[in-house]
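Colleague: End of the sequence shown = 544 in this note's numbering, gap-free, step of one.
Where is the CB? At the ideal position from N, CA and C, for every residue including glycine.
Given the structure is predicted, the values throughout are model-derived calculations rather than measurements.
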Amino acid sequence: MKFADLRRRAETVRQRALAGKRRCRHSQGRANPAKSTDETRRGCVHDRRSQAGPAIWTVGRSPGAETAGRAAQTVAGWLAMGVTGVDDLQEAYRLCIRCARRAAGNFYFGFYGLDRARFRAICALYAFLRVSDDLADDLRAPASERLRQLLLWRDAWEEYAASDGPQVGHVPDVAQRLGPVASAAVRALRHTVHRFGIPHRYVSDVLEGLAWDLRFDASVPVGSQDGGGQVETSTAAGVRPLCLFADFAELERYCYHVAGAVGLCCIHIWGFADPAAEPAAIDCGTAFQLTNILRDIGEDWRRGRVYLPSDELAQFGLRGDSLASDPEALGRLLRFQVERAGACFDRAERLNEYLSGEGRAAFRGMFGVYRRLLDEVSRLGIGVLHRRARVPTWRKCWIAGRSLVEARTARIAGALTSVFAGRTGRPGPHPVPRGPISREWRQNGEQDNRWPRSRR
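(1) Do you know how far the Cα of residue 381 is from the Cα of residue 369?
(2) Quick check on residue 456: buried or exposed, where buried means 16 or more other Cβ atoms within 10 Å of its Cβ?
(3) Going along the chain, which unbroken runs of the alpha helix (DSSP H) with 4 or more residues stay wholly within the stretch 183-238?
(4) How is residue 298 classed by DSSP in three states: helix, strand or coil?
(5) Within this structure, are the beta carbons of residue 404 and residue 421 separated by less than 8 angstroms?
(6) From what residue to what residue does the alpha helix (DSSP H) around residue 270 run?
(7) Are there three or more Cβ pairs, one per stretch, closer than 8 angstroms when the stretch 336-345 is compared with the stretch 271-279?
(8) If you run the structure through DSSP and keep just helix, strand and coil, what is residue 443?
(9) Which stretch, first to last residue, makes up the alpha helix (DSSP H) that contains residue 433?
(10) Let me check one thing: in DSSP terms, what residues is residue 360 bridge-paired to?
(11) If we count Cβ pairs, one from each stretch, closer than 8 angstroms, do we get three or more for the stretch 357-375 versus the stretch 407-420?
(12) To the nearest angstrom, report how far apart residue 396 and residue 336 are at their CA atoms.
(13) Using DSSP with H/G/I as helix, E/B as strand and the rest coil, what is residue 304?
(14) Would you decide whether residue 475 is buried or exposed? Buried here means 16 or more other CB atoms lie within 10 Å of its CB.
(15) Cutting at 6 angstroms between CB atoms, please list the residues of its own chain near residue 371, excluding the five before and the five after it.
(16) Provide the residue span of the alpha helix (DSSP H) that contains residue 342, from first to last.
(17) For the stretch 178-187 and the stretch 236-245, state whether three or more C-beta atom pairs, one from each stretch, are separated by less than 8 angstroms.
(18) Under 8 angstroms, do residue 430 and residue 462 count as touching if we go by C-beta distance?
(19) Counting C-beta neighbours from all protein chains within 10 Å, is the total for residue 228 16 or more, i.e. buried, or is it exposed?
(20) Of the choices 196, 270 and 186, whose alpha-carbon is the least far from that of residue 220?
(21) Identify the continuous alpha helix (DSSP H) that holds residue 369 and give its terminal residues.
(22) Could you check if residue 465 is buried or exposed, using at least 16 other CB atoms within 10 Å of its CB as the buried criterion?
(23) In three-state terms, what does DSSP make of residue 468?
(24) Would the beta-carbon of residue 294 fall within 8 angstroms of that of residue 245?
(25) Could you check how far apart the C-beta atoms of residue 386 and residue 351 are, in whole angstroms? I think they sit under 8 angstroms.
(26) Which word fits residue 301, buried or exposed, when buried means at least 16 other C-beta atoms lie within 10 angstroms of its C-beta?
(27) Which class does residue 404 belong to by DSSP, given the choice of helix, strand or coil?
(28) Would you report the Cα separation of residue 188 and residue 406, rounded to the nearest angstrom?
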């Protein structure tokens, strides 16, 4: 069944429900002619709201959801379904959670092992980055327009996040234009960065990383702002390959923007006790992004992009348009890149020592999946040019389930530690999120953790 058919069926059901409500109100009006004008007005208001259209999360997904799901979650997808804005902070968090549940896949279950406050914060971060990524990937608009919109989105975020007070009733206009998910994400993430003491520049750094690719697509040299990249003029299969980075220093800076800054946001939410966690989180982001680059090297090359540094390609006798011409040289290059990514994983593993119990479990889940993915890239060798490396679903589910059990165990241990600390007068060793947590913030956005898990 196509998505359009589902929408038509949902509209039919809605119209029938509205007709029943109108008949019910009409019969009640005849039985009770003394009905007040205020009640009539309330009925009219309710009727207008019910005609606003089906909500995004109540419309069923088509059988082709595996391939159409990402398209349905783009900014245009949200707007096309006619959903109104989000005014309430709690409702904004709930919408972010639904976004993560749909789009985050197996990682959502890793989030679910966190306590309620951290779970909502991670979902808010994910939803914001999801909206930003969809804005950058909307191929219906030219790259220059996408870049302009992304920079407007970044500037609006910086202004909104820097404003005072725990809540602001008016979200940025650009978020309202992008739709309800964008409005919900920016509102919830602003509360999150203040709640957990996250420097809002980390989020801006991620948006700058997304703009990096768009500058190339828009034929704007990265060297004009972020350091020079090399553009090759030769062609392969009719597509001009690009070496986006001249050396590893530029690639490492790109990895920080698109992954390391996300890691810094995550550890503030998870909670850490040692400042050494921050460089470890950056190493972790570098390891994850290098793994992504190696996994997608064939697909990116066919699209006309090479994310490996041009000087390292030249070191192995390769160019962006000749990756497949010398299999032996390509094999040596890939082994070199896998070894470097493995060294980043080894340095990032120490992050496990600095996190809180629940954060440690969530970190180990993501770390385990990406480490397995790097092993799969190493196993395929030059085959990654024609076949995308994947971690089997059963193994990802196993890792996510194990992380969930570890997180629940850590929560029980933390509760017992708190009880023990209360009886003895000694503080427990459980790290807490860095940054101020004021009473005002708790009252305005953070309920306690007594709600059932099903009410997230």
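Modeller: Reading from the atomic positions:
(1) Distance between the alpha carbons of residue 369 and residue 381: 18 angstroms.
(2) With 16 or more other Cβ atoms inside 10 Å of its own Cβ, residue 456 counts as buried.
(3) Taking only runs of at least 4 residues, the alpha helix (DSSP H) segments lying wholly in the stretch 183-238 are 195-200 and 204-225.
(4) Note: residue 298 maps to helix in three-state DSSP.
(5) Yes. Within cutoff.
(6) 268-283 is the extent of the alpha helix (DSSP H) around residue 270.
(7) They do not touch, by the three-pair rule.
(8) DSSP, reduced to helix, strand and coil, places residue 443 within a strand of the structure shown.
(9) 415-436 is the span of the alpha helix (DSSP H), which, as asked, contains residue 433.
(10) Looking at the DSSP output, residue 360 bridges to 443.
(11) No: the two stretches stay apart, fewer than three of their Cβ pairs being nearer than 8 angstroms.
(12) Their Cα atoms are separated by approximately 8 angstroms.
(13) Reduced to three states, the DSSP call for residue 304 is helix.
(14) Per the 10 Å Cβ criterion, exposed.
(15) Excluding positions up to five away in sequence, the list reads 432, 435 and 436.
(16) Unbroken alpha helix (DSSP H) run through residue 342: 336-343.
(17) As far as the Cβ criterion goes, the stretch 178-187 does not touch the stretch 236-245, which means the pair count is below three.
(18) Their beta carbons are under 8 angstroms apart, which means residue 430 touches residue 462 by this criterion.
(19) Residue 228 should be labelled exposed.
(20) The option with the nearest alpha carbon to residue 220 is 270.
(21) Annotation: the continuous alpha helix (DSSP H) that includes residue 369 extends over 365-383.
(22) By the 10 Å Cβ count, residue 465 comes out buried.
(23) Helix, per DSSP.
(24) Cβ distance not < 8 angstroms, so residue 294 and residue 245 don't count as in contact.
(25) No, residue 386 and residue 351 are not in contact; Cβ-Cβ is about 26 angstroms, not under 8 angstroms.
(26) Buried, because 16 or more other Cβ atoms sit within 10 Å of the Cβ of residue 301.
(27) Looking at residue 404 - three-state DSSP - the assignment turns out to be coil, as it is neither helix nor strand.
(28) A straight-line Cα-Cα distance of about 40 angstroms links residue 188 and residue 406.
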